[in-house]
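By full-length UniProt numbering, the letter at position 87 of the sequence shown is numbered 87, and the numbering carries on one by one without gaps. Don't be surprised by glycine CBs; every beta carbon is placed ideally from N, CA and C. From a predicted model like this one, the values you see are computed outputs, not experimental measurements. Just below is one structure, and these are the notes that go with it.
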Amino acid sequence: MTTDTTMTAPQRATKGPRPRILAHTGLIAIAVLMMYPLVWMISSSLKPESEIFSSPGLIPQEWTLSNYIEGWNGIQRPFSHYMLNSILIAVIAVLGNVIACSLAAYAFARLHFPLKRTLFAIMLGTMMLPIHVQIIPQYIIFDSLAWLDTFLPLVVPKFLAVDAFFIFLIVQFIRGIPKELDFAARVDGCGPVNIFFRIILPLLKPALVTTAIFTFIWSYNDFFAQVIFLSSNENFTAPLALKLFLDQSTVSSWGPMFAMSVVSLVPLFAFFLFFQRGLIEGIATTGFKG
Numbered sequence: 001m002t003t004d005t006t007m008t009a010p011q012r013a014t015k016g017p018r019p020r021i022l023a024h025t026g027l028i029a030i031a032v033l034m035m036y037p038l039v040w041m042i043s044s045s046l047k048p049e050s051e052i053f054s055s056p057g058l059i060p061q062e063w064t065l066s067n068y069i070e071g072w073n074g075i076q077r078p079f080s081h082y083m084l085n086s087i088l089i090a091v092i093a094v095l096g097n098v099i100a101c102s103l104a105a106y107a108f109a110r111l112h113f114p115l116k117r118t119l120f121a122i123m124l125g126t127m128m129l130p131i132h133v134q135i136i137p138q139y140i141i142f143d144s145l146a147w148l149d150t151f152l153p154l155v156v157p158k159f160l161a162v163d164a165f166f167i168f169l170i171v172q173f174i175r176g177i178p179k180e181l182d183f184a185a186r187v188d189g190c191g192p193v194n195i196f197f198r199i200i201l202p203l204l205k206p207a208l209v210t211t212a213i214f215t216f217i218w219s220y221n222d223f224f225a226q227v228i229f230l231s232s233n234e235n236f237t238a239p240l241a242l243k244l245f246l247d248q249s250t251v252s253s254w255g256p257m258f259a260m261s262v263v264s265l266v267p268l269f270a271f272f273l274f275f276q277r278g279l280i281e282g283i284a285t286t287g288f289k290g
């Protein structure tokens, strides 16, 4: 007995798009759900402070830009001062991670040295240590170096390849680069340093862009380490400045805080959009090559 497994064109057209439509509908619903807090914050920044928690709707009954004006000049310095501090820390952290993590990853992926596997396992193990375990010894070290209330504790460790996640990410990418390129370079007289700069580094662009984007976002948004190591208003960053709008003993300025929260997101969106293509390429290729 034979069964007819053929399917007419109308049947294929009816069966094919339905799962795709359901999948797209589900993705759109999740996107709307995830975007709601951001939309609510933008809407609240355009409302009078008395309306923020009394009116549940997203569309303000009374539009105002006073929150942005008050928030920009509502604390000791213009909010741009704190944003520039955050951007400076994030940019230096990006440079440190891109340089140090790529060098460390190249050593683990291509070079041969004693205890290589053991050191790599220890490096991966550090990813499991919570920041709260590390912060006390770090504070003692930075205090002995007289680095407290400076940007040094936030940027100098980045040049010492302390982010194991990015080292592992770049290692996986380098392992996908054919070793025949290294052999050919050695035949031409290149040593490990020249191989890295002439062969490996130009091919690392997707992984380095991914490292740069996540480092910028995490460093820019970091609150815990900054509140530990920074104490003077002059060195405050955007996350610490936003905290100044809230006061447990007096009235909190919710409207200006939401307005400056929206403003502080602009560098993140700009940085992400500028490197978006590289990020997608890096996520698509890192860790999935043979």
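Going by C-alpha positions, ILE135 is about 22 angstroms away from ASN233.
Separation of ALA93 and PRO17 (C-alpha to C-alpha, rounded to the nearest whole angstrom) is 46 angstroms.
Ranked by how close their Cα comes to the Cα of PRO48, the residues TRP40, GLN61, VAL39 have GLN61 in first place.
Three or more Cβ pairs closer than 8 angstroms define a contact, and the stretch 145-152 falls short of that threshold against the stretch 72-80. For THR64, there is no enclosing alpha helix (DSSP H), as DSSP gives it neither H nor E.
DSSP, reduced to helix, strand and coil, places PHE151 outside both helices and strands of the structure shown, so it counts as coil. Secondary structure note for ASN85: its alpha helix (DSSP H) is the uninterrupted segment 79-110. Just measuring C-alpha positions, the residue of CYS101, ASN73, LEU273 sitting nearest PHE166 is CYS101.
Inclusion of ILE177 and TYR106 in the CB contact set at 8 angstroms is not warranted, their separation being larger than that value. Inclusion of ILE89 and VAL155 in the CB contact set at 8 angstroms is warranted, their separation being smaller than that value. Judged by beta-carbon spacing, PHE151 lies beyond the 8 angstroms limit of ASN97, meaning their Cβ atoms are not closer than that value. Assignment of GLN76 by DSSP, reduced to helix, strand and coil, places it in the coil class. The C-alpha of ILE141 is placed about 25 angstroms away from the C-alpha of ILE87. The beta carbon of THR126 sits closer than 7 angstroms to the beta carbons of ALA164 from its chain, once the five residues preceding and following it are set aside; these are given in chain order. The three-state secondary structure of SER54, taken from DSSP, is coil. In the structure shown, the three-state DSSP call for GLY125 is helix. About 6 angstroms separates the Cβ atoms of LEU169 and ALA207, confirming a contact at the 8 angstroms cut-off. In this chain, ASP188 is not harboured by any alpha helix (DSSP H), its DSSP state being neither H nor E. Cβ neighbours of GLY74 within its own chain (closer than 6 angstroms, five residues either side excluded): PRO256. Between LEU242 and SER261, the C-beta spacing is below 8 angstroms. Residue burial annotation: MET83 is buried, with at least 16 other C-beta atoms found within 10 angstroms of its C-beta. DSSP, reduced to helix, strand and coil, places ILE177 outside both helices and strands of the structure shown, so it counts as coil. In the three-state reduction of the DSSP assignment, ALA212 falls in the helix class. With a threshold of 16 other beta carbon atoms within 10 Å, PRO157 meets it and is buried. SER66 and VAL266 have their C-alpha atoms spaced approximately 19 angstroms apart. Counting along the chain, ILE59 sits inside no alpha helix (DSSP H), nor does DSSP assign it H or E at all.
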